[in-house]
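Participant: Following this message is one structure expressed as structure tokens.
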Amino acid sequence: MNLLRKLNCLFHYYPKSAPFSSLISSFTTHQLTLTTFPPDPQIVLTTLCSNGQLKEALIEMAARGLEMKFESYDMLLNACIKKRAFREGQRVHAHMIKTRYLPPVYLRNRLIIFYSKCDRLREARNVLDEMPEKDVVSWTAMISAYSQRGFATEALDLFLEMLRSGMSSNYVTYASVLTALSGLAALDLGKQVHNHVLRCKLPFYVVLQNSLIDMYSKCGNLIYSRRIFDNMSERTVISWNAMLVGYSKHGMGREVVELYKLMRNENKIKPDSVTLLGVLSGCSHGGMENVGLEIFEEMVNGKDEVEPDIEHYGCVVDLLGRAGRVEEAFEFIKKMPFEPTAALWGSLLGACKVHSNIEVGEFVGHRLLEIEPENAGNYVILSNLYASTGRWEDVRMVRDLMLKKAVKKEPGRSWIELDQTLHSFHASDRSHPRREEVFAKMKELSIKFKEAGYVPDLSCVLHDVDEEQKEKILLGHSEKLALTFGLISTSDRAPLRVIKNLRICIDCHNFAKFVSKIYMREVYLRDKNRFHHISMGVCSCGDYW
DNA sequence: ATAGGGTTAG
């Protein structure tokens, strides 16, 4: 330990670019008083790696050529993982190949983890595919890499491949698979995995329980989440956060605040930054502005509490905006101790749209187009704002700007799970085997709903086409297709659960209300941000989202 | 060389 520190001090006397081995030989002659010289090369590497001196460590690696060992590679890779140093890690990998070193499973797993932490999933997958033998960690590391980055189908495919190969899973594998299912909101599949986990009679793992809480809430079944939460004999802050965020995403402000109070009263687990994000956004989505503002006030004044960071300030902008206090939100942004981010302006712009505040909205919108010109959503909201106040020339101006900048919108997709199968639709999708039935039903619904008072909101269509064409485009929106498909494929009164990868459009939201009212269906719509629970024509989001 | 891979937020 002392030696390490001494070695480290010595290094600073030499130019950093000098090859390491020459450096050592040069000072061994002067420093004979030091205890164990020449130093063990492993200790040299250890020191460099633990100091994060990657460049020097790589020079040492090159100098050692074939003498690199398991421990040396392990050390280097771990340092690269910690620093997310892609280039450096790649050189370590290349060194193994060049020296014909055959890494054992453990080291190959480190390579998979290294590549996936650097966001290089293809490289990670190559390592996995080339492994002569894999263990449970190899598979799990890759599955979780996919799940965490939103590649849910790839994660599931790989999980199936793992099962087929005869490898058995453990609780970490299940937790990763559940994350993938949360992303897809595949409730039935999630339940199946849950059942399987129960049958396996695994011991109690908090991590696994946490991912079950999250899976059920993201699949729209909060009752199950709460049941798991209540039955836990031991909880971590993540358990509380998962439950709080679940209520928040479902717009259940009262439950959020209640659970938060329970957490404070129990006084066993300390809230963290994520807890407060969940509570504040829960108050915002759940229509409890004043409670949220009070909690934020406590954060600002508190002593050993969580210190508010920019995202907490963002929640307050949301809170004020929702309450229609748009000017106040604007002033709040100007006074914050942080530089406002695009996301923060975006939330204010959303509030301006909902409350038709053209003065603030115009300023914020143009500001946003400057700092985030690649985000299509900004153009759409600003254009909708202009449309809602009849400023058609400005609508055209924004649309032209959007065309000029050629911003690409992530294609909207919606899906619905029936009999453990996900049926996915994009706008005006004609690929589904039952498309004819779906389109026939859509026409019927359009007429029926109009009689009941549905007015298509043409301002949701940005294309410059005539009204009839606009209505056609509107009717082809993916969430309407998925809803209609659900309606014709399930029994009367069965609830419908539709998921959309983007935020839901106002017209589709309204359309879903008519579905719920006229067909007496509970409609659960999950969009990018939150859940909409629509019942008898009324939505839990209070029409603000 | 018997661990590592894992859960919440956006």
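So the first sequence is residues 1 to 545, counted in the UniProt record's numbering. Here a beta-carbon is modelled for each residue, glycine too, at the ideal position from N, C-alpha and C.
Kindly indicate which three-state DSSP category Trp345 falls into: helix, strand or coil?
Facilitator: Correct three-state label for Trp345: helix.
Participant: Could you compute how far the alpha carbon of Met215 sits from the alpha carbon of Lys443?
Facilitator: So the alpha carbons of these two residues sit roughly 35 Å apart.
Participant: For Asp419 and Asp188, I'd like the C-alpha separation in whole angstroms.
Facilitator: So the alpha carbons of these two residues sit roughly 7 Å apart.
Participant: For Ser116 versus Ala79, is the C-beta distance shorter than 8 Å?
Facilitator: Not in contact: Ser116 and Ala79 (Cβ atoms no closer than 8 Å).
Participant: Three or more C-beta pairs under 8 Å: does that hold for the region 290 to 305 against the region 330 to 346?
Facilitator: No, they do not touch.
Participant: What does Lys55 pair with, by DSSP beta-bridge criteria?
Facilitator: Looking at the DSSP assignment, Lys55 forms no beta bridge with any residue, so it has no partner.
Participant: Hey, is the region 490 to 503 in contact with the region 458 to 466, meaning 3+ C-beta pairs nearer than 8 Å?
Facilitator: Cβ pair count under 8 Å is below three, so no.
Participant: Assuming contact is defined by CB atoms lying nearer than 8 Å, are Phe439 and Ile518 in contact in what I supplied?
Facilitator: No, the pair does not count as a contact, with Cβ atoms beyond the cut-off.
Participant: Would you kindly work out how many angstroms separate the C-alpha atoms of Phe151 and Leu158, rounded to a whole number?
Facilitator: Each residue's Cα considered, the two are about 11 Å apart.
Participant: Name, in chain order, the residues that DSSP records as bridge partners for residue 551.
Facilitator: Look at the range of the chain in this structure, 1 to 545, and you will see that residue 551 is not part of it.
Participant: My output table needs one value for Lys500: the three-state DSSP class, helix, strand or coil.
Facilitator: DSSP places Lys500 in strand when its eight states are reduced to three.
Participant: In terms of alpha-carbon separation, which member of Leu222, Cys49 and His196 lies closest to Ala185?
Facilitator: Measuring from the Cα of Ala185, the nearest candidate turns out to be Leu222.
Participant: May I ask you to list the residues that DSSP assigns as paired with Ser165?
Facilitator: DSSP, once it has assigned bridges, lists no residue as partnering Ser165.
Participant: In three-state DSSP terms, what is Leu422?
Facilitator: Residue state, collapsed to three classes: strand.
Participant: Considering only residues of the same chain and omitting the five flanking positions on each side of Leu107, which have a CB-CB separation below 6 Å?
Facilitator: Correct list, in chain order: Tyr73.
Participant: At what residue ranges does the region 203 to 279 contain a whole run of the alpha helix (DSSP H), taking only runs of 4 or more?
Facilitator: Fully enclosed alpha helix (DSSP H) runs of 4 or longer: 206 to 218, 222 to 231, 237 to 249 and 253 to 266.
Participant: Check whether the region 58 to 72 touches the region 94 to 107, counting contact only when three or more Cβ pairs, one atom from each stretch, lie closer than 8 Å.
Facilitator: Result yes; three or more Cβ-Cβ pairs closer than 8 Å.
Participant: On a Cα-Cα basis, can you pick out the residue from Leu121, Glu60 and Glu258 that is closest to Arg91?
Facilitator: It is Glu60 whose Cα lies nearest to the Cα of Arg91.
Participant: What three-state label does DSSP hand Arg413 in the structure shown?
Facilitator: Correct three-state label for Arg413: strand.
Participant: State the beta-bridge partners of Leu525 as determined by DSSP.
Facilitator: Paired residue(s): Val498 and His532.
Participant: What does the alpha-carbon distance come out to for the pair Ala323 and Arg122?
Facilitator: Each residue's alpha carbon lies about 46 Å from the other.
Participant: Leaving out the 5 sequence neighbours to the left and right, which residues in its chain are closer than 8 Å to Lys404 when beta-carbon positions are compared?
Facilitator: Cβ neighbours of Lys404 beyond the five flanking positions: none.
Participant: Between the Cα of Ser356 and the Cα atoms of Leu525, Ser431, Gly251 and Leu382, which residue gives the shortest distance?
Facilitator: Ranking Leu525, Ser431, Gly251 and Leu382 by Cα distance to Ser356 puts Leu382 first.
Participant: To which residues does DSSP link Cys539 through a beta bridge?
Facilitator: In DSSP, Cys539 forms a bridge with Ile534.
Participant: Take the Cβ of Glu479 as the centre, count every other Cβ of all protein chains shown within 10 Å, and call the residue buried at 16 or more, exposed below.
Facilitator: With 16 or more other Cβ atoms within 10 Å, it is buried.
Participant: Where do the ends of the alpha helix (DSSP H) carrying Lys404 lie?
Facilitator: Element bounds for Lys404: Trp392 to Lys405.
Participant: For Lys513, tell me which candidate among Lys528, Asn529 and Leu496 has the shortest Cα-Cα distance.
Facilitator: Checked all of Lys528, Asn529 and Leu496; the closest Cα to Lys513 is Leu496.
Participant: Measure the Cβ-Cβ separation of Leu244 and Tyr260 and say whether it is below 8 Å.
Facilitator: Contact flag set, yes.
Participant: Would Trp139 and Thr173 qualify as a contact pair, given that the criterion is a beta-carbon distance under 8 Å?
Facilitator: Contact: yes.
Participant: Should Gly183 and Ser239 be called a contact, given that it needs their Cβ atoms to be closer than 8 Å?
Facilitator: Contact: no.
Participant: Alpha carbons only, please: which of Arg199, Ala376, Lys191 and Ser233 is nearest the one belonging to Val207?
Facilitator: Closest option to Val207, Cα to Cα, is Ser233.
Participant: What residue does the alpha helix (DSSP H) around Ala175 start on, and which one ends it?
Facilitator: Tyr171 to Leu184 is the span of the alpha helix (DSSP H), which, as asked, contains Ala175.
Participant: Between which two residues does the alpha helix (DSSP H) harbouring Lys335 extend?
Facilitator: Lys335 -> alpha helix (DSSP H) spans Val326 to Lys335.
Participant: Based on Cα-Cα distance, which residue from Ala406, Lys268 and Ser516 lies nearest to Thr484?
Facilitator: Here the closest residue by C-alpha is Ser516.
Participant: Output the boundary residues of the alpha helix (DSSP H) element that contains Pro41.
Facilitator: Looking at the DSSP string, the run of the alpha helix (DSSP H) that includes Pro41 is Pro41 to Ser50.
Participant: Does Cys505 come out as helix, strand or coil in the three-state DSSP assignment?
Facilitator: Cys505 falls in the coil class under three-state DSSP.
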